[in-house]
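These notes are about the structure you will find just below.
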Amino acid sequence: MRILFHAAGHKPAPWLEGLEAALPQAEVAEWVPGAPPADYAVVWAPPQQLLDEQPRLKALFNMGAGVDALMPLRLPAATQLVRLDDAGMSVQMAEFVCHAVIRHFRELDGYEADVRAGKWSFRRPRLRGEWPVGVMGLGVLGTRVARALQGFDFPLNGWSRSPKALAGVRCFAGRGQLDAFLAASRILVCLLPLTPDTADILNRDTLGRLMPGGYLVNVARGGHLVEQDLLALLAQGQLAGATLDVLREEPPPPEHPFWRHPKITLTPHTSARTLREESIAQIAGKIGAMERGEPVAGVVDRERGY
Ligand code: NDP
Ligand code: OXD
């Protein structure tokens, strides 16, 4: 069995060693143009040339949960596209989102500013029941985030494409129920995949439907957010602020207003990192299952785009 590796922005050596250790029967090599045909490829942002030269791959493993960067490429027709499902990401995402939600709900930025200004003062405690959190996307990550937020007793709403039943979460599904979901939420967490259906979904209309003083946490993709609309809603006071882990352009150009906006907390696409050991173990497990003819989780439906 031959496995190719190509990942922009990752050091290849530890991945090659890890894959070799997990799959001792396989020959693992970094992809170079003209490489001999392989059975599997493990990639992040591969060049089109790799895909064109390897039309008989059984599977292409994406080293992330989101496959939006792969979808514009010409993928070999018979190759299964497999994404990471969790692989250590959901716990990271849960801690990041809980931190962002609690930081805003408990006004911790305000307290920090007060103390730095030498002020020892108290704000009226907010009533948790008035701070429902809406999670857009109830997949692997969204479900874990909703469960973690439940631990802090926030009222929870969830929105997905197909109907769901999650204990303690008021579930909404499809475009027909989007407005009702938004109107019932004050803090909005986006954990959708970026597809033609979800691009620009965080815009003046949708964000404007949140309860007054709404707050956005976008940890999915920058392409979900219409940035000018967020700026306008913040300027009007219709939204109180946002935590953005993802942007249309990463990093944003130096003149981008988000760098220094007082109501925006920006992080560099770090809410849930690809963890090497967990990812290798998951990919190796899936290759083993595929070789035995067993189904695997995380196969992307190309029609849906996720
Ligand atoms: P999943 O595929 O497990 O979940 C996707 C969820 O979104 C599903 O509940 C799905 O609905 C829902 N959804 C998809 N399309 C629509 C739609 N048109 N309308 C309503 N709901 C929709 O993905 P993950 O949870 O694993 O990951 C989600 C995203 O998080 C990734 O695609 C990626 O963009 C982002 N991400 C960001 C990271 C970061 O560091 N910032 C790290 C990892 C991921 P249904 O259940 O009905 O199919
Ligand atoms: C992912 C990401 O999709 O890191 O896994 O954003």
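At position 7 of the sequence shown the residue is numbered 67 (this note's numbering), and the sequence of numbers has no breaks. From the three backbone atoms N, C-alpha and C, an ideal C-beta is built for every residue, glycine too.
First through last residue of the beta strand (DSSP E) which encompasses residue i
{"i": "G274", "result": "G274 to N278"}
{"i": "W191", "result": "No beta strand (DSSP E) holds W191; DSSP gives it neither H nor E."}
{"i": "F232", "result": "V229 to A233"}
{"i": "Q140", "result": "Q140 to V142"}
{"i": "T303", "result": "L299 to L304"}
{"i": "G218", "result": "L216 to S220"}
{"i": "L267", "result": "Not the beta strand (DSSP E): L267 falls in the alpha helix (DSSP H), residues R264 to L267."}
Proximity of residue i and residue j at Cβ, strictly below 8 Å
{"i": "V229", "j": "V249", "result": "no"}
{"i": "V195", "j": "L216", "result": "yes"}
{"i": "V161", "j": "I247", "result": "yes"}
{"i": "L254", "j": "L267", "result": "no"}
{"i": "L133", "j": "L111", "result": "yes"}
{"i": "S153", "j": "R204", "result": "Looking at the sequence itself, residue 153 is Met, so the reference to Ser does not match. In contact: M153 and R204 (Cβ atoms closer than 8 Å)."}
{"i": "G301", "j": "L294", "result": "yes"}
{"i": "A73", "j": "W104", "result": "no"}
{"i": "D169", "j": "R176", "result": "no"}
{"i": "A243", "j": "R269", "result": "yes"}
{"i": "E354", "j": "G148", "result": "no"}
{"i": "F156", "j": "A332", "result": "yes"}
{"i": "A208", "j": "L226", "result": "no"}
{"i": "T330", "j": "L144", "result": "no"}
Presumed contact (8 Å Cβ cut-off) between residue i and residue j, rounded CB distance
{"i": "S245", "j": "V193", "result": "7 Å"}
{"i": "V127", "j": "V360", "result": "5 Å"}
{"i": "G197", "j": "L251", "result": "4 Å"}
{"i": "R188", "j": "D213", "result": "6 Å"}
Start-to-end residues for the alpha helix (DSSP H) that takes in residue i
{"i": "S150", "result": "M149 to F165"}
{"i": "V88", "result": "Where V88 is concerned, there is no enclosing alpha helix (DSSP H), although the beta strand (DSSP E) it sits in stretches over E87 to E90."}
{"i": "L291", "result": "E287 to Q296"}
Distance cut-off 7 Å: residue i Cβ against heavy atoms of the ligand ADP
{"i": "R281", "result": "No copy of the ligand ADP appears in this structure; the ligands present are the ligand NDP and the ligand OXD."}
Please write down, chain order preserved, every residue whose beta carbon lies under 5 Å from a heavy atom of the ligand OXD. G124, A125 and G126
Do the stretch 315 to 335 and the stretch 276 to 296 meet, that is, are 3 or more Cβ pairs less than 8 Å apart? yes
Meets three-Cβ-pair contact criterion under 8 Å: the stretch 105 to 117 and the stretch 136 to 154: yes
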